[in-house]
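Residue numbers (my numbering): 2 to 461.
Report on the structure given below.
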Amino acid sequence: WPTVAMDAQSQVVGRLRSVFLTGVTLPEQFRQAQLNKLMALIKENEQRILDALHKDLAKPKFEAVLSEIDIAINELHFAISNLSSWMKPEYVEKNLATKLDECFVRREPLGVVLIIGAWNYPLQLTLNPLIGAIAAGNCAVIKPSEVSPATESLLVELIPKYLSQDCYAVVQGGPEETQALLKNCFDHIFYTGSQKVARVIMQAASVHLTPVTLELGGKSPCMIFGGVNIRAAVHRLAWAKFFNAGQSCVAPDYVLCSPATRDAMLPELKVTLEEFYTKNPQASPDFCRIVSPRHWSRLMELLKRSNGKVIVGGESDEEDKYIAPTVVVDVDEDDALMQEEIFGPILPIVTVDSVEKGIEFLNAREKPLALYVFSDDSSLVNKVLESTSSGGFCSNDGIIHSGLPSFPFGGVGASGLGSYHGRWGFETFSHRKACMLRGWALERLNGLRYPPYQENKLNW
Ligand code: NAD
Numbered sequence: 002w003p004t005v006a007m008d009a010q011s012q013v014v015g016r017l018r019s020v021f022l023t024g025v026t027l028p029e030q031f032r033q034a035q036l037n038k039l040m041a042l043i044k045e046n047e048q049r050i051l052d053a054l055h056k057d058l059a060k061p062k063f064e065a066v067l068s069e070i071d072i073a074i075n076e077l078h079f080a081i082s083n084l085s086s087w088m089k090p091e092y093v094e095k096n097l098a099t100k101l102d103e104c105f106v107r108r109e110p111l112g113v114v115l116i117i118g119a120w121n122y123p124l125q126l127t128l129n130p131l132i133g134a135i136a137a138g139n140c141a142v143i144k145p146s147e148v149s150p151a152t153e154s155l156l157v158e159l160i161p162k163y164l165s166q167d168c169y170a171v172v173q174g175g176p177e178e179t180q181a182l183l184k185n186c187f188d189h190i191f192y193t194g195s196q197k198v199a200r201v202i203m204q205a206a207s208v209h210l211t212p213v214t215l216e217l218g219g220k221s222p223c224m225i226f227g228g229v230n231i232r233a234a235v236h237r238l239a240w241a242k243f244f245n246a247g248q249s250c251v252a253p254d255y256v257l258c259s260p261a262t263r264d265a266m267l268p269e270l271k272v273t274l275e276e277f278y279t280k281n282p283q284a285s286p287d288f289c290r291i292v293s294p295r296h297w298s299r300l301m302e303l304l305k306r307s308n309g310k311v312i313v314g315g316e317s318d319e320e321d322k323y324i325a326p327t328v329v330v331d332v333d334e335d336d337a338l339m340q341e342e343i344f345g346p347i348l349p350i351v352t353v354d355s356v357e358k359g360i361e362f363l364n365a366r367e368k369p370l371a372l373y374v375f376s377d378d379s380s381l382v383n384k385v386l387e388s389t390s391s392g393g394f395c396s397n398d399g400i401i402h403s404g405l406p407s408f409p410f411g412g413v414g415a416s417g418l419g420s421y422h423g424r425w426g427f428e429t430f431s432h433r434k435a436c437m438l439r440g441w442a443l444e445r446l447n448g449l450r451y452p453p454y455q456e457n458k459l460n461w
């Protein structure tokens with residue numbers, strides 16, 4: 002049956018391509034109308050979205066509104082109010098030889114693009130790239146993650162109800178269907194997920210020389226050095242880490258601090274986690290679940306293989322896909338918890354003697370998607386900012402920078418390729434065409450370049 006699936010998929014891609022070529026997606030009015038319909042999809046189905054997110058990840062309403070619904074709505078507002086200025090031709094500086102020409106960069110849609118979504122924020126990580134694709138005037142095939150099935154089926158049902166079925170299609174399925182889909186020729190592939198699958202995507206894209214955007218992850222550190230208000234620091238750290246049960250691509254993966262800071266933080270972490278989720282987080286309505294039994298087992302395996310000492314949490318319940326907010330100390334760099342992105346509610350604390358050693362530690366590893374530095378000392382913050390490389394950077398907080406639509410969101414090195422959100426999403430899904438419109442004036446002057454060549458004419 003994969004052949005049948007592939008045939009059906011190529012028919013979808015072929016249909017979208019012929020619709021794209023009619024130019025229907027080009028006018029701003031069309032793009033604005035589709036963006037407004039996407040807004041209506043979210044607003045008119047808010048309760049169903051909340052229910053689906055709860056079913057998939059036990060997402061509390063507060064987290065779902067903040068990090069899925071509002072993020073997508075803000076992105077829509079931003080695109081709707083800026084689209085006409087983004088679409089304007091950009092006139093460029095000219096030189097003597099082009100003085101009389103009209104020289105501008107025109108943003109054009111790429112064509113039919115593929116968006117492969119992730120499961121941890123299954124609404125916004127699927128819709129936000131789509132907003133960029135629509136704004137830029139593309140047709141799109143959307144493949145939501147099968148790992149969050151309730152949100153996946155809601156998107157499969159709602160997208161065709163609201164958006165133009167001629168221009169946008171939703172394809173359902175897991176790795177097998179995705180690989181079949183990838184055999185088709187797209188004009189851009191936008192993938193959010195793991196580095197492992199990103200290699201499959203890039204390889205498939207190379208067959209058709211298709212450009213890719215890869216929104217990946219990695220181990221995003223939280224460095225705490227110098228003086229800092231421990232209580233506030235622990236609150237912000239714990240919120241950023243245990244939001245969505247740690248299943249955020251920009252979650253602080255581990256803490257890097259001095260032994261003294263660790264000792265000061267530990268009692269505060271215990272108290273804060275109790276304040277947030279009570280003594281029994283499993284009964285708290287504010288703490289998410291792990292998305293699938295497979296992901297639960299991976300995390301439990303990491304915890305089992307770790308040589309560190311569990312100081313807070315450690316409890317789990319397989320049936321409920323529950324892992325308590327967990328803090329682990331005495332973790333060295335060879336520990337199991339330091340070999341891959343954790344992507345769950347387990348926080349290792351690694352100690353080094355100084356911020357300089359911390360910078361060395363970071364620079365010896367893959368570039369992370371986010372880097373957090375907590376400190377009262379702004380020169381220390383700047384020192385880390387200037388001597389490290391990461392997708393994004395935020396001092397004295399976690400996660401929060403990823404919600405600002407005027408920032409590019411994306412990784413660097415192993416944490417990703419390309420970026421989106423706001424104008425950056427529009428750019429990702431646009432081709433920047435260099436346009437020179439010449440007239441017929443000054444033909445005699447133009448004639449200087451024709452053969453037979455005379456070197457003295459080079460200096461005209
Ligand atoms: P994943 O990479 O396994 O799956 C994501 C998507 O890829 C799904 O739609 C799935 O159907 C498809 N897929 C899975 N296996 C495939 C295969 N062999 N061939 C083709 N397609 C395949 O997702 P995961 O590993 O569970 O996600 C976690 C990772 O994603 C973490 O590293 C996290 O940091 C990263 N992430 C990054 C962002 C970001 O915005 N940068 C957001 C969320 C997650």
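Ideal Cβ placement from N, Cα and C applies to all residues, glycine included.
{"query": "As assigned by DSSP and simplified to three states, the class of L274", "result": "helix"}
{"query": "Candidates S388, Q204, G15 and K95, of which the one nearest L438 by Cα", "result": "K95"}
{"query": "C250: CB within 7 Å of a non-hydrogen atom of the ligand NAD", "result": "yes"}
{"query": "Pairwise C-alpha distance: L131 and A119", "result": "13 Å"}
{"query": "Length of the line joining the Cα atoms of K56 and L156", "result": "14 Å"}
{"query": "Segment contact, 8 Å Cβ cut-off, at least three pairs: the segment 109-117 with the segment 70-83", "result": "no"}
{"query": "In DSSP terms, what K310 is bridged to", "result": "V330"}
{"query": "Proximity winner among H296, G219, Y454 and E357, relative to K1 (alpha-carbon distances)", "result": "Missing from the structure shown is residue 1; the chain here goes from 2 to 461 and no further."}
{"query": "Touching by the beta-carbon criterion (3+ pairs, under 8 Å), the segment 407-417 and the segment 355-364", "result": "no"}
{"query": "Beta-bridge pairing of H402 - partner residues as DSSP gives them", "result": "In DSSP, H402 forms no bridge with anything."}
{"query": "CB of R422 within 8 Å of CB of E76, strictly", "result": "Sequence inspection shows His at residue 422; the Arg mentioned does not correspond to that position. Yes, these two residues count as a Cβ contact at 8 Å."}
{"query": "Nonlocal neighbours in the same chain, by C-beta distance under 7 Å from E269, ignoring five residues either side", "result": "I231, R232 and V235"}
{"query": "For M266 and V25, the rounded distance between their alpha carbons", "result": "58 Å"}
{"query": "Option in K60, G15 and T179 with minimal Cα separation from D287", "result": "K60"}
{"query": "Simplified DSSP state of L215, which is helix, strand or coil", "result": "strand"}
{"query": "Residue burial classification, F427 (beta-carbon count within 10 angstroms, cutoff 16)", "result": "buried"}
{"query": "Pair within 8 Å by beta-carbon distance, G309 and I324", "result": "no"}
{"query": "For T193, the residue or residues it bridges with in DSSP", "result": "E216"}
{"query": "Contact test: W425 Cβ vs the ligand NAD heavy atom, cutoff 7 Å", "result": "no"}
{"query": "Between the CA atoms of S317 and F243 - distance to the nearest angstrom", "result": "15 Å"}
{"query": "Between the CA atoms of Q12 and V142 - distance to the nearest angstrom", "result": "12 Å"}
{"query": "Whole-angstrom C-beta distance between S403 and V251, which should lie under 8 Å", "result": "5 Å"}
{"query": "Any non-hydrogen atom of the ligand ADP within 7 Å of G359 CB", "result": "With respect to the ligand ADP, the structure shown offers nothing to examine, as its ligands consist of the ligand NAD."}
{"query": "Classification of V114 by the beta-carbon crowding that lies within 10 angstroms, buried from 16 upward", "result": "buried"}
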